[in-house]
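Heads up, the thing below is written out as structure tokens.
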Amino acid sequence: MDTPEIALTRDVIERFAETRDPRLKAILTSLVSHLHGFVQDIEPTPDEWNEAIGFLTRIGQACCDRRQEYLLLSDVLGVTTLIDILNHRPRKGATETTALGPFYVANAPEMPSGADIARNQPGERLHVEGSVASEDGRLLAGAIVDVWQCDGDGYYDVQYPDYKEPELRARFRTDREGRFAFWSIMPSHYPVSAGGPVGEMLAATRRHPFRPAHIHFMIEAGGHEKLVTQVFPADSPYLSSDAVFGVRTSLIAEFPQGPPGSAPEGGPEPWRRLSYDFTLKAAGRSPEAG
Ligand code: BEZ
Ligand code: FE
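Heads up: the sequence shown is residues 158 to 447, going by the numbering used here.
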């Protein structure tokens, strides 16, 4: 004889038997089975379950046009990164991906190679250059390299209440050799938004809210999968404890001091530099292929 809880789980799953859409049916069957398993595992008291419902309610109430607290919950539970991994299986030789994050803005201004995306921002000057290639080693001319980063205080342009125009974000096109370059400033590490219920959960579990410093890249070239990734300075704090689990070892890079008197395009001194070469997956190949 089945226990009452096993009979209940089966009964709930059977209640979805008439679902026409096979994907929806599979999702709900798995959801009920895992959710019931979770509840059996922790055996919450009614008060604990009410507290959980209250937590989820407060997460919903914290959401508005400018804030997505459910996405933040997904981020700090590692689910956003898990979905990124499942949808962009690492392939040998191709650059690893990370999640897009909440601060991407489409149609950033297109700038010529060598432009300064930091303009008048204070901070340690940084020269970034690199290449975009296909898996077979072919350098890709005309690829669009979309970059965005926070400032030296850890804020993205869109986080400022008086935000008017894009800062520290731009799009570049690779040249005939598949290369791009721009000037910027060193990004800072920064906390994810911790003033709501997700922040309370982090505090209650003695977790810090910080992400290590990084520069976001989105790279598109015809016949290739779009690459969304981030590059992390090797000397940033929080590399081993990113609040959203986005760091991959292959994406950590040295940002060394540039030799005095040799800044590209007669750029400012002192300066640091990043050189990073990206490899895009050819479109249409099987995700697991070696
Ligand atoms: C970011 O802000 O960089 C970010 C946040 C959550 C997930 C991924 C990226
Ligand atoms: Fe970011």
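Beta carbons are placed, not taken as given, at the ideal position from N, Cα and C, and that holds for glycine.
Under a Cβ-count criterion, where at least 16 other Cβ atoms within 10 Å of its own Cβ denotes burial, should G447 be classed as buried or exposed?
The predicted model places G447 with a pLDDT of 43, which falls under 50 and marks its position as unreliable, so this point remains unresolved.
Nearest-angstrom Cα separation, counted from I342 out to Q278:
Approximately 8 Å between the Cα atoms of the pair.
With respect to the beta strand (DSSP E) encompassing S341, which residues constitute its N-terminal and C-terminal limits?
336-342 is the span of the beta strand (DSSP E), which, as asked, contains S341.
Thinking R328 and D314 are a contact (beta carbons under 8 Å), I'd like their distance in whole angstroms, please.
Not quite, the Cβ-Cβ distance comes to about 15 Å (not below 8 Å), so this is no contact.
Rounded to the nearest angstrom, what separates Y395 and E426 at their Cα positions?
Spanning the two alpha carbons is a distance of roughly 28 Å.
Cutting at 6 Å between CB atoms, please list the residues of its own chain near H193, excluding the five before and the five after it.
Contacts found: T166.
Does DSSP put V189 in a helix, in a strand, or in coil?
Reduced to three states, the DSSP call for V189 is helix.
Can you grab the Cα-Cα spacing for the pair D392 / R333, in whole Å?
Their backbone Cα atoms lie some 33 Å apart in a straight line.
Environment of ligand 1 in chain order, Cβ to heavy atom below 7 Å:
Here the residues come out as D232, T237, T255, A256, L257, G258, P259, F260, V349, R368, H371, H373, Q387, V401, G403.
What's the call for W206, buried or exposed, on a 16-neighbour Cβ count within 10 Å?
Counting Cβ neighbours within 10 Å, W206 comes out exposed, since fewer than 16 surround it.
From I376, D399, P416, pick the residue whose C-alpha is nearest to that of E253; which is it?
Closest option to E253, Cα to Cα, is I376.
Check whether the Cβ atoms of D399 and S288 lie closer than 7 Å to each other.
No, Cβ-Cβ distance for D399 and S288 is not below 7 Å.
Which value, in whole angstroms, describes the spacing of the CA atoms of T331 and P344?
Inter-residue distance for T331 and P344 is about 23 Å (C-alpha atoms, whole angstroms).
Exposed or buried, which one is Y317 when buried takes at least 16 other CB atoms within 10 Å?
When all chains shown are included, Y317 counts as exposed.
Within this structure, are the beta carbons of G145 and A219 separated by less than 7 Å?
Given that the chain is displayed from residue 158 to residue 447, the structure contains no residue 145 and the question cannot be resolved.
Can you name, in chain order, every residue of its own chain whose Cβ lies under 6 Å from the Cβ of A370, other than the five neighbours on each side?
Around A370: P344, S345, H346, P390, S393.
Can the beta-carbon of A439 be found less than 7 Å from the beta-carbon of S291?
Yes, the Cβ-Cβ distance between A439 and S291 is below 7 Å.
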